[in-house]
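Right, one structure below, let's go through it.
2 protein chains.
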Amino acid sequence: MTARKKPVERRPRVDAQRNRERILEVAKTAFTRHGADISLDSVAKQAGVGAGTLYRHFATREALLEAVYRTELSRLAAAEKEFSRTMAPVDALRAWMLLFVDYVATKQLIVAALNTMVCDTSKLFSASGSLITEAIESLVRRAIASGDIRADLDPLDLLRALIGVSNVASVPDWPASARRLVQILLVGSRP
Amino acid sequence: MTARKKPVERRPRVDAQRNRERILEVAKTAFTRHGADISLDSVAKQAGVGAGTLYRHFATREALLEAVYRTELSRLAAAEKEFSRTMAPVDALRAWMLLFVDYVATKQLIVAALNTMVCDTSKLFSASGSLITEAIESLVRRAIASGDIRADLDPLDLLRALIGVSNVASVPDWPASARRLVQILLVGSRP
DNA sequence: ATGCTAAACGGAGAATGTCTCCGATTGCAA
DNA sequence: TTGCAATCGGAGACATTCTCCGTTTAGCAT
Chain A
225 MTARKKPVER RPRVDAQRNR ERILEVAKTA FTRHGADISL DSVAKQAGVG
275 AGTLYRHFAT REALLEAVYR TELSRLAAAE KEFSRTMAPV DALRAWMLLF
325 VDYVATKQLI VAALNTMVCD TSKLFSASGS LITEAIESLV RRAIASGDIR
375 ADLDPLDLLR ALIGVSNVAS VPDWPASARR LVQILLVGSR P
Chain B
225 MTARKKPVER RPRVDAQRNR ERILEVAKTA FTRHGADISL DSVAKQAGVG
275 AGTLYRHFAT REALLEAVYR TELSRLAAAE KEFSRTMAPV DALRAWMLLF
325 VDYVATKQLI VAALNTMVCD TSKLFSASGS LITEAIESLV RRAIASGDIR
375 ADLDPLDLLR ALIGVSNVAS VPDWPASARR LVQILLVGSR P
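Residue numbers (the numbering used here), protein chains in the order written: chain A, 225 to 415; chain B, 225 to 415.
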């Protein structure tokens, strides 16, 4: 065989990066407007790239969905930090739970689709660098330390219940309903 | 125009009925084994009928799924009657919630798919003759009357939270986790 | 600048799935 | 039996997913 070339580190090509962002942008509006089942080829076409390019950047539909919402998920994670800094433990937890419900509620179609695909909702969130799981774990830990929450509560269980609560978004007057349910979860979690 | 024929009431043909049942049977095992996304044509082939026959009996994938699980849903409804007859209100409610979680947990793939499609989980259950919604409404009403549950609790909200709880089925030791969560919901729902 | 090369592109097309249409078939009633 | 309406089945039109590979292009070295 011939001499092996030293693998030179190359900067990623700017067109690749630009395409990637175009795809993400188009996909985001398309997903929220028409649901998560739209044709990926149509997304590619709208983004002005070929199907091959789209599939090279995002091997699966899930990968694309996850990439689309990773930034939003990190915003949720940032809110956790903010709440933890400025609020009492149980208030921070409640506020974050409500924010979570509000956030997920506006993305119903997408979350449902992810549910179908990954079949394990916690995996869905852990896919995004554990951002969400870490957020709720931190909040719950603090609330346990302050004595507002029973010690044997599994934060991830709470997260799963929250996802169920997010389903209320499809009924009229859902914000009030969500608030009641979050309150039920908190009261039921007391020591 | 010619004389209008009197619309004679005819018994459904036996082959039609048999085909319908064959399809349901095949679909049930296929759905639970390979998820809700399997090719409907393959179901038709396995059932020994043409695609046209399948689509005539069940116009959409949802219709097929709903038909497949209608019998199981009615079994859940029957359990409600049984529990209400033999248990104290809050115990009946708890037992039924646990049964519900257990039931839904084994059908993860299907429920997730239905979620994606109908996008309103309560609609999913009301599709089956309101069996499920009536069951939980009855249980909650009784528990409110006996003073175990706060009066302003919306039964459907509780149902939605339960569906979220069902997601725990994907983690090890989920029965214990589900039990804890149901308990949290009940405690949080006290007056 | 210029040439080289790996990386990225894009779209044709194979594979798969959905759903319809309509000629053939068949059970039911008279 | 016979007529006919209900039912059947599968070919085929259409949509979608995803891959393959010839072409293009950005970055690096000279």
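Beta carbons: idealized from backbone N, C-alpha and C, even for Gly.
No experiment lies behind these values; they were computed from the predicted model shown.
Roughly how many angstroms separate the alpha carbons of A260/B and E290/B, rounded to a whole number? 11 Å
Would you verify that the beta carbon of I387/A is, or is not, closer than 7 Å to some beta carbon of chain B? yes
Please tell me whether A385/A and G388/B are closer than 7 Å, where the distance is taken between their beta carbons. yes
Under a three-way DSSP split, which group does K331/A fall into? coil
Any chain A beta carbon closer than 7 Å to V460/B: For chain B, the structure presents residues 225 to 415; residue 460/B sits outside this window and is missing.
For the alpha helix (DSSP H) holding L401/B, just list the boundary residues, first then last. According to the sequence shown, residue 401/B is Ser rather than Leu. Residues 398-412.
If we define contact as Cβ-Cβ less than 7 Å, is G371/A a contact residue for chain B? no
Pull up the distance between the alpha-carbon of A251/A and that of V267/A, whole angstroms please. Taking the straight line from one Cα to the other gives about 6 Å.
Do V325/B and A367/B come within 7 Å of each other at the CB atom, strictly closer than that value? no
Given a cut-off of 7 Å on the beta-carbon distance, is the pair L363/B and L317/B in contact? yes
Which chain A residues are close to G412/B, counting only those with a beta carbon under 8 Å from its beta carbon? Q407, I408, L409, L410, V411, G412, S413
Under DSSP, the alpha helix (DSSP H) around R246/A begins and ends at which residues? 238-258
Mind checking if D326/A is an interface residue toward chain B, Cβ cutoff 7 Å exclusive? Taking Cβ atoms only, chain B never reaches closer than 7 Å to D326/A, which makes this a no.
Chain-order list of residues whose beta-carbon lies under 7 Å from that of R257/B (same chain, five-residue window excluded): none
Starting from A362/A and walking both ways along the alpha helix (DSSP H), at which residues does that stretch end? For the record, residue 362/A in the displayed sequence is Ser; it is not Ala. Taken as a continuous stretch (DSSP letters only), the alpha helix (DSSP H) holding S362/A covers 355-369.
At 9 Å on the CB atoms, spell out the chain A contacts of S401/B, in chain order. Here the neighbours are D378, L380, D381, R384.
Chain B residues whose Cβ lies nearer than 8 Å to that of R404/A: D376, L377, D378, D381
Span separating the alpha-carbon of A303/A from that of I356/A: 11 Å
Please report the distance separating the alpha-carbon of Q407/B from that of A375/B. 18 Å
Option nearest L426/B by Cα separation, candidates T253/B, D378/B, A402/B, W398/B: Residue 426/B lies beyond the stretch modelled for chain B, which goes from 225 to 415, so this question has no answer here.
Under 7 Å between the Cβ atoms of D381/A and L382/B? no
Looking at A271/B and R246/B, is the spacing between their C-beta atoms short of 7 Å? yes
Return the Cβ separation of A359/B and L322/B in integer angstroms, given the expectation that the two are a contact with Cβ distance under 8 Å. At roughly 14 Å, the Cβ-Cβ gap does not stay under 8 Å, so A359/B and L322/B are not in contact.
So V427/A is in the alpha helix (DSSP H); what residue range does that whole segment cover? There is simply no residue 427/A to check, as chain A begins at 225 and stops at 415 in what is shown.
Thinking C-beta only, is V328/A closer than 7 Å to S390/A? yes
What is the residue span of the alpha helix (DSSP H) that D261/B lies within? For D261/B, there is no enclosing alpha helix (DSSP H), as DSSP marks it with neither H nor E.
Since S390/B is in the alpha helix (DSSP H), which residue starts that stretch and which ends it? Taken as a continuous stretch (DSSP letters only), S390/B belongs to no alpha helix (DSSP H), as it is neither H nor E.
Would you mind working out which of S263/B, G274/B, F255/B sits nearest R244/B, comparing C-alpha positions? G274/B
For the candidate residues E361/B, A319/B, E296/B, whose alpha-carbon lies nearest to that of F307/B? Across the set E361/B, A319/B, E296/B, the C-alpha of A319/B shows the shortest separation from the C-alpha of F307/B.
Count the other C-beta atoms from every protein chain shown that fall within 10 angstroms of the C-beta of S401/A, then say buried if there are 16 or more, exposed otherwise. buried
In whole angstroms, what separates the C-alpha of S354/B from that of V238/B? 29 Å
Within its chain, find whatever has a CB closer than 8 Å to the CB of Y279/A; leave out the 5 residues flanking it on each side and keep chain order. Counting only Cβ-Cβ distances below 8 Å, and skipping sequence neighbours, we find L264.
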